[in-house]
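Q: Handing you a structure now.
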Amino acid sequence: VLICVYLLGSGIPTIFEIGLSNFFGTVWKPSKNLFGILPMIVGSIYVTAGAIIIGVPIGLLCAIYLSRFCPKAIYRILKPAVELMAGIPSIVYGFFGLVCIVPLMQDLTGHDGSTMLTASILLGIMILPTIIGASEPTIRAVEQSYYEGALALGATHERSVFTVVVPAAKSGILAAVILGVGRALGETMAVMMVVGNQPRVPNSILQGVRTLTTNIVMEMGYATDLHREALIATGVVLFAFILIINLCFSAIKRSGKE
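Mapping of the sequence shown onto the numbering used here: position 139 corresponds to residue 174, and the numbering continues sequentially without gaps.
Right, here's the structure in full:
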């Protein structure tokens, strides 16, 4: 409650002081009192969308494999590996992206490796344990009678899993995806190391961008007066995004129970 009161009490008056057209404009130049955060909003959405496109299919397929196909001997190895991924600090992921993914993307594309695509790939890897960890128990929780009924009707094991079991677990899978979105949208340090940090609306996935979180971290250390207040107001916008995601998560959980 205190965090909400502080953010809203400090950020909303600042937004109106700066002006809606200025605050949601396309130019971020604090030295000229231009605080347009639209490039950061677009950058956050693009990077998060790219992470979803990369991470969700892989994470879902991994969850299906672990819950319905994986032999017990291999499961005892893979499950702790997924849990270990969830415990790796963000800065370590960022260092991995900086040392491995950035040079690789530079060689493959011929452009600077610190791009929106690189950040999306790294975030796609980072959200895997969230999606797998939340999806696997949901798929396992589907009643065995669904699976056995499909087999009795002549379906193969694979067809029974993908056409009966997985659709029955859709509410839990959607909740896992939303949790992954929240994880990707709120990530800061790892993204800051690979995204290029250029406050502009990108025209290509091979351009550097700046997200809402990285913008706050990069400039809060030396910001003063209206500049500092604008960064706090940026936090209000990020808070609104996260709140919307959490509300979606709650709505999906309620629909799943119904």
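We put the CB at the ideal spot given by N, CA and C, even for glycine.
(1) Go through its chain and collect everything with a Cβ distance to residue 208's Cβ below 7 Å, but skip five positions before and after it.
(2) DSSP three-state label for residue 226, please.
(3) Relative to the C-alpha of residue 183, which residue among 74, 103, 62, 283 is closest?
(4) Short of 8 Å in beta carbon distance, which residues of its chain neighbour residue 82, apart from the five on each side in sequence? Order them along the chain.
(5) Indicate whether the contact test is met: 3 or more Cβ pairs, each with one atom in the segment 121-137 and one in the segment 49-69, closer than 8 Å.
(6) Mapping DSSP to helix, strand and coil, what is residue 231?
(7) Distance check for residue 139 and residue 149, CA to CA, integer angstroms please.
(8) With respect to the alpha helix (DSSP H) encompassing residue 137, which residues constitute its N-terminal and C-terminal limits?
(9) In whole angstroms, what separates the C-alpha of residue 214 from that of residue 200?
(10) Going by beta carbon distance, what residues of the same chain come within less than 6 Å of residue 125, once the five residues before and after it are set aside?
(11) Taking residue 107 as part of the alpha helix (DSSP H), name the residues at either end of that continuous run.
(12) Should the segment 115-122 be called in touch with the segment 159-167, which here means at least 3 C-beta pairs below 8 Å?
(13) How is residue 70 classed by DSSP in three states: helix, strand or coil?
(14) Inspect the CB distances between the segment 260-277 and the segment 41-51 and report whether three or more fall short of 8 Å.
(15) Would a C-beta distance cut-off of 7 Å place residue 210 and residue 181 closer than the cut-off?
(16) Report all residues from its chain with a CB closer than 7 Å to the CB of residue 113; omit the five preceding and five following residues, and keep chain order.
(17) Which one or two residues does DSSP pair with residue 205 in a beta bridge?
(18) Would you identify the three-state DSSP class for residue 36, choosing helix, strand or coil?
(19) Residue 287 and residue 206 - do their beta-carbons sit closer together than 7 Å?
(20) Given a threshold of 16 other Cβ atoms within 10 Å of its Cβ, counted over all protein chains shown, does residue 242 qualify as buried or as exposed?
A: So, from the listed chains and residues:
(1) So the qualifying residues of the chain are 95, 170, 173.
(2) In the displayed model, residue 226 falls within a helix according to three-state DSSP.
(3) That would be 103, whose Cα lies nearest to the Cα of residue 183.
(4) Taken in chain order, the residues that qualify are 151, 154, 155, 158, 219, 226, 230, 244, 246.
(5) Flag = no, the segment 121-137 and the segment 49-69 do not touch.
(6) In the three-state scheme derived from DSSP, where H, G and I count as helix and E and B as strand, residue 231 is classed as strand.
(7) Each residue's Cα considered, the two are about 10 Å apart.
(8) Residue 137 -> alpha helix (DSSP H) spans 137-144.
(9) Between residue 214 and residue 200, the C-alpha separation is close to 21 Å.
(10) Excluding residues within five positions, the ones whose Cβ falls inside 6 Å are 224, 225.
(11) From DSSP, the alpha helix (DSSP H) with residue 107 extends over 107-122.
(12) The segment 115-122 vs the segment 159-167: in contact.
(13) In the displayed model, residue 70 falls within a strand according to three-state DSSP.
(14) Counting C-beta pairs closer than 8 Å gives three or more between the segment 260-277 and the segment 41-51, which meets the contact rule.
(15) Taking 7 Å as the Cβ cut-off, residue 210 and residue 181 do not qualify as a contacting pair.
(16) Taken in chain order, the residues that qualify are 101, 105.
(17) Residue 205 pairs with nothing; no bridge assigned.
(18) DSSP, read as helix, strand or coil, puts residue 36 in coil.
(19) Yes, they are a contact pair.
(20) Taking a 10 Å sphere around the C-beta of residue 242, we find 16 or more other C-beta atoms and assign the residue as buried.
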